[in-house]
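Undergrad: In the numbering used here, the protein residues as written are 2 to 255. Every residue gets a Cβ at the ideal spot worked out from N, C-alpha and C, and that includes glycine. Just so you know, these numbers come straight off a predicted model, no measurement behind them.
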């Protein structure tokens, strides 16, 4: 098969990317090859520290905050939100729990992932939250259950048979096998989750998001989250200070 100039150039880019898993024929790449390359693109690190400018918009409010993000891979995600240098909230997420407190209203939460689901606008667990922050699929991709095709110079991946009331699709960038966008729709619940990624930044030979845009809607209620990563450091010393101040009132979820 004669490769088009675009694909020939793409192969040269892939061959020069440290840590990237190459595919020798982009046009005829199998779903197994594409999924394997996507998994191989998962950043390999022990700890991460980043600074993020976050814009959070719902039907009721629009807020721009500065976020300090710390991670110990597969173990902890720690977030401190600040406005004008003043801490307004802290979050600690582990594989089994979510803890949170905010200083303005003097409230806190300790429990499961229900609160995180309310913030994002759709149910989500620890592994899915971590994958979302790293540009990896929020769902496990099984080659026997998915198919792929080239669409607008990207790998389009979707289930061979969409489960009833559950529509999932994602697009991968061929140059690094990271996610360009991922969509989950549940029409009966009138629920939609859309995640889009801007350019990726290369740090110590691995790719991390620069921008993440999250749009969710459920029964007419919409949430938009824009995350712009200003700085990311990997394999640095991190701590996860989290102590709920005395006198705070516990949040009760319905």
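Here's a check: name, in chain order, each residue in its chain whose Cβ is nearer than 7 angstroms to the Cβ of residue 74, leaving out the five neighbours to either side.
TA: Counted from its first residue, the chain shown places residue 74 at position 73. Only 46, 47 meet the Cβ criterion.
Undergrad: Using a threshold of 8 angstroms, state whether the C-beta atoms of residue 157 and residue 146 are closer than that.
TA: Locating residue 157 in the chain shown gives position 156, where the first residue counts as 1. Locating residue 146 in the chain shown gives position 145, where the first residue counts as 1. For residue 157 and residue 146, no; Cβs fall outside 8 angstroms.
Undergrad: Given 8 angstroms as the limit, is there contact between the region 235 to 251 and the region 92 to 110, that is, 3 or more CB pairs closer than that?
TA: yes
Undergrad: Which residue's Cα is closest to the Cα of residue 58: 100, 216, 95?
TA: Against the chain shown, residue 58 aligns to sequence position 57. Checking every option, the nearest Cα to that of residue 58 belongs to 216.
Undergrad: Tell me which same chain residues have a C-beta within less than 6 angstroms of the C-beta of residue 100, skipping the five on either side of it?
TA: Residue 100 sits at position 99 when you count from the first residue of the chain shown. So the list reads 93, 111, once near-sequence residues are dropped.
Undergrad: Please classify residue 203: is it buried, with 16 or more other beta-carbons within 10 angstroms of its beta-carbon, or exposed?
TA: For the purposes of this step, residue 203 is identified with residue 202 of the chain shown, where counting begins at 1. It counts as exposed.
Undergrad: Within its chain, find whatever has a CB closer than 7 angstroms to the CB of residue 245; leave out the 5 residues flanking it on each side and keep chain order.
TA: In the chain shown, the residue the question calls residue 245 occupies position 244. Hits under 7 angstroms: 102, 109.
Undergrad: Can you find the residues in the same chain that come closer than 6 angstroms, C-beta to C-beta, to residue 178, ignoring five residues on each side of it along the sequence?
TA: Counting from 1 along the chain shown, the entry for residue 178 is found at position 177. Residues of the same chain with a CB within less than 6 angstroms of the CB of residue 178, apart from the 5 flanking positions on each side, are 38, 39, 42 in chain order.
Undergrad: Using a 10 Å radius around the Cβ and a threshold of 16 neighbouring Cβ atoms, would you call residue 136 buried or exposed?
TA: For the purposes of this step, residue 136 is taken as residue 135 along the chain shown, with counting starting at 1. When all chains shown are included, residue 136 counts as buried.
Undergrad: Going by DSSP, which residues form a beta bridge with residue 72?
TA: By one-based count along the chain shown, residue 72 stands at place 71. 49, 78, per the DSSP bridge assignment.
Undergrad: Have a look at 165, 82, 96 and flag the residue whose alpha-carbon is nearest the alpha-carbon of residue 90.
TA: For this step, residue 90 is matched to residue 89 along the chain shown. If we check each option's Cα against that of residue 90, 82 comes out closest.
Undergrad: Which whole-angstrom value describes the C-beta separation of residue 210 and residue 230, a residue pair presumed to lie in contact below a C-beta threshold of 8 angstroms?
TA: Position 209 of the chain shown, counting from 1, holds the residue named residue 210. Position 229 of the chain shown, counting from 1, holds the residue named residue 230. Contact annotation, residue 210 with residue 230: C-beta distance approximately 6 angstroms; criterion of less than 8 angstroms satisfied.
Undergrad: Using the Cα positions of residue 124 and residue 115, report the straight-line distance between them to the nearest angstrom.
TA: As a working note, residue 124 is residue 123 in the chain shown. As a working note, residue 115 is residue 114 in the chain shown. Near 7 angstroms, if we compare the C-alpha coordinates of residue 115 and residue 124.
Undergrad: Taking all protein chains shown into account, decide if residue 188 is buried (16 or more other Cβ within 10 angstroms of its Cβ) or exposed.
TA: Numbered from its first residue, the chain shown carries residue 188 at position 187. Exposed, by the Cβ-count rule.
Undergrad: Going by DSSP, which residues form a beta bridge with residue 90?
TA: The residue given as residue 90 occupies position 89 in the chain shown. 82, 103, per the DSSP bridge assignment.
Undergrad: Which residue comes first and which comes last in the alpha helix (DSSP H) that contains residue 128?
TA: Walking along the chain shown from the start, residue 128 turns up at place 127. Unbroken alpha helix (DSSP H) run through residue 128: 127 to 135.
Undergrad: Check residue 164 in the structure and name its three-state DSSP category.
TA: The residue you call residue 164 lines up with position 163 of the chain shown. Secondary structure at residue 164: coil, using DSSP grouped into helix, strand and coil.
Undergrad: How about residue 183 and residue 219: are their beta carbons less than 8 angstroms apart?
TA: For the purposes of this step, residue 183 is taken as the residue at position 182 of the chain shown. For the purposes of this step, residue 219 is taken as the residue at position 218 of the chain shown. Result no, Cβ atoms of residue 183 and residue 219 do not sit closer than 8 angstroms.
Undergrad: Per DSSP, what are the beta-bridge partners of residue 111 in this structure?
TA: Reading the chain shown from its first residue, position 110 is the one you call residue 111. Note: residue 111 sits in a beta bridge opposite 100.
Undergrad: Since residue 38 is in the alpha helix (DSSP H), which residue starts that stretch and which ends it?
TA: Against the chain shown, residue 38 aligns to sequence position 37. Where residue 38 is concerned, the enclosing alpha helix (DSSP H) stretches over 32 to 41.
Undergrad: Specify, as a first and last residue, the run of the beta strand (DSSP E) that residue 60 falls within.
TA: Working through the chain shown from its first residue, we reach residue 60 at position 59. Here residue 60 belongs to no beta strand (DSSP E), and DSSP marks it neither H nor E.
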